[in-house]
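Mapped onto my numbering, the consecutive letters of the sequence shown carry residue numbers 334 to 595.
Where is the CB? At the ideal position from N, CA and C, for every residue including glycine.
Notes follow the structure.
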Amino acid sequence: MSLDTSRPSAARAYDYFLGGHSNFAADREFADQVKAIAPSVPNVARLNRNFLRRAVRYCLDQGIRQFLDLGSGIPTVGNTHQIAADAHADARVVYVDNEPVAFHHSRGLLEEHPDATIIQADMRDREHVLSHPETRRLLDFDEPVALLVIGVLLYLPDPEPAELIRGYREHLAPGSLLAVSTLTDEPAGTALREEVQRLRAAYAEAGEPVHPRDHADILPWFDGLDLVEPGLVTLPEWRCDDPAEAFDVAAPLGYGAVARVP
Ligand SMILES: C[S@@+](CC[C@H](N)C(=O)[O-])C[C@H]1O[C@@H](n2cnc3c(N)ncnc32)[C@H](O)[C@@H]1O
Numbered sequence: 334m335s336l337d338t339s340r341p342s343a344a345r346a347y348d349y350f351l352g353g354h355s356n357f358a359a360d361r362e363f364a365d366q367v368k369a370i371a372p373s374v375p376n377v378a379r380l381n382r383n384f385l386r387r388a389v390r391y392c393l394d395q396g397i398r399q400f401l402d403l404g405s406g407i408p409t410v411g412n413t414h415q416i417a418a419d420a421h422a423d424a425r426v427v428y429v430d431n432e433p434v435a436f437h438h439s440r441g442l443l444e445e446h447p448d449a450t451i452i453q454a455d456m457r458d459r460e461h462v463l464s465h466p467e468t469r470r471l472l473d474f475d476e477p478v479a480l481l482v483i484g485v486l487l488y489l490p491d492p493e494p495a496e497l498i499r500g501y502r503e504h505l506a507p508g509s510l511l512a513v514s515t516l517t518d519e520p521a522g523t524a525l526r527e528e529v530q531r532l533r534a535a536y537a538e539a540g541e542p543v544h545p546r547d548h549a550d551i552l553p554w555f556d557g558l559d560l561v562e563p564g565l566v567t568l569p570e571w572r573c574d575d576p577a578e579a580f581d582v583a584a585p586l587g588y589g590a591v592a593r594v595p
């Protein structure tokens, strides 16, 4: 993927929703249009980011010190290596993103962090990601790894998410953890569902279609893995430390889960 700042990018719009500054006029214009037709979207971004933090903390609490973060995004506050640092854990992190701004900003941010790196790659190109010298330098797949696939599978049509997870899972040692979150409109009421419809139309027109999914669509992604309590639930239902999140208008718009490789 090459950099074209005249066209909006979903990655940079997400950065804008989170209050980041790694975005261009076309991204901001697009994101403002999305906000006008689907005002809950910035909240979904925040809830998702909070789920990422809790999932990483859970992995750290389970003793995992290696992370492969697919579709890691533009670095705003609270990236995986920072969550680990806040927890005083010596974690090794490989970020993967195909978006040029995400790659360059992450690389700049990580210059002084020898234990974290970014690869610019399509995460579907598993062989490339896994055989990349940076992955080999930092991750030991003979030991448990946390595979993070947070807020990115919504960009893939079926059956790609299931295939992607199955493919990476083959390389994960017992005790590894998989964390996933993705867009849904299943538990939403009529008004929120209509927002999601408008969101889909806007992203499709921008050339980055998104795919909300039902619980029954996502559950098979974890076949052969042991779901960690409380299972596959809406994001604020997953080990949330802030009761206010359950009342967030966007609470029904994301599902998340963590599962263990037996
Ligand atoms: C919504 S952001 C999520 C960022 C972060 N994981 C989070 O949850 O906060 C999705 C990111 O996935 C990246 N992405 C989308 N499709 C990808 C692919 N096929 N390979 C690698 N990265 C991809 C986008 O460039 C974007 O930065």
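Reduced DSSP secondary structure (H/G/I, E/B, other) of residue i
i: Val-591; result: strand
i: Ala-358; result: helix
i: Leu-565; result: coil
i: Ser-514; result: strand
i: Gln-453; result: strand
i: Leu-463; result: helix
i: Gly-441; result: helix
i: Glu-503; result: coil
i: His-544; result: coil
i: Thr-523; result: helix
i: Ile-397; result: coil
i: Asp-419; result: helix
i: Cys-392; result: helix
i: His-446; result: coil
i: Pro-585; result: helix
Beta-carbon proximity check, residue i vs residue j, cutoff 7 Å
i: Glu-531; j: Ile-370; result: The displayed chain sequence assigns Arg, not Glu, to residue 531. Their beta carbons are under 7 Å apart, which means Arg-531 touches Ile-370 by this criterion.
i: Val-513; j: Val-482; result: yes
i: Leu-510; j: Val-591; result: yes
i: Pro-563; j: Ala-584; result: no
i: Gly-411; j: Arg-386; result: yes
i: Asn-356; j: Asp-581; result: no
i: Thr-517; j: Arg-546; result: yes
i: Ala-422; j: Leu-393; result: yes
i: Asn-431; j: Asp-455; result: yes
i: Arg-440; j: Gln-399; result: no
i: Ala-479; j: Ile-397; result: yes
i: Ser-405; j: Tyr-428; result: yes
i: Leu-336; j: Pro-466; result: no
i: Val-367; j: Ala-535; result: yes
i: Gly-589; j: Phe-384; result: yes
heavy atom of ligand 1 below 6 Å from residue i C-beta
i: Val-582; result: no
i: Arg-382; result: yes
i: Ala-495; result: no
i: Gly-404; result: yes
i: Ile-551; result: no
i: Ser-431; result: The amino acid at residue 431 is misidentified as Ser; the sequence shows Asn. Yes, the Cβ of Asn-431 comes within 6 Å of a heavy atom of ligand 1.
i: Asp-455; result: yes
i: Tyr-347; result: yes
i: Ala-479; result: no
i: Tyr-488; result: yes
i: Leu-568; result: no
i: Val-485; result: yes
i: Ala-371; result: no
i: Ala-344; result: yes
i: Ala-539; result: no
Per DSSP, the bridge partner or partners of residue i
i: Leu-403; result: Val-429 and Val-482
i: Leu-560; result: Ala-592
Contact with chain C by residue i, beta-carbon distance below 7 Å
i: Arg-531; result: Of the chains in the structure shown, none is chain C; there is only one protein chain.
**Report entry** contact_flag[the region 361 to 369, the region 439 to 453] where n(CB pairs < 8 Å) is 3 or more
**Finding:** The way I'd put it, the region 361 to 369 doesn't touch the region 439 to 453; fewer than three beta-carbon pairs between them come closer than 8 Å.
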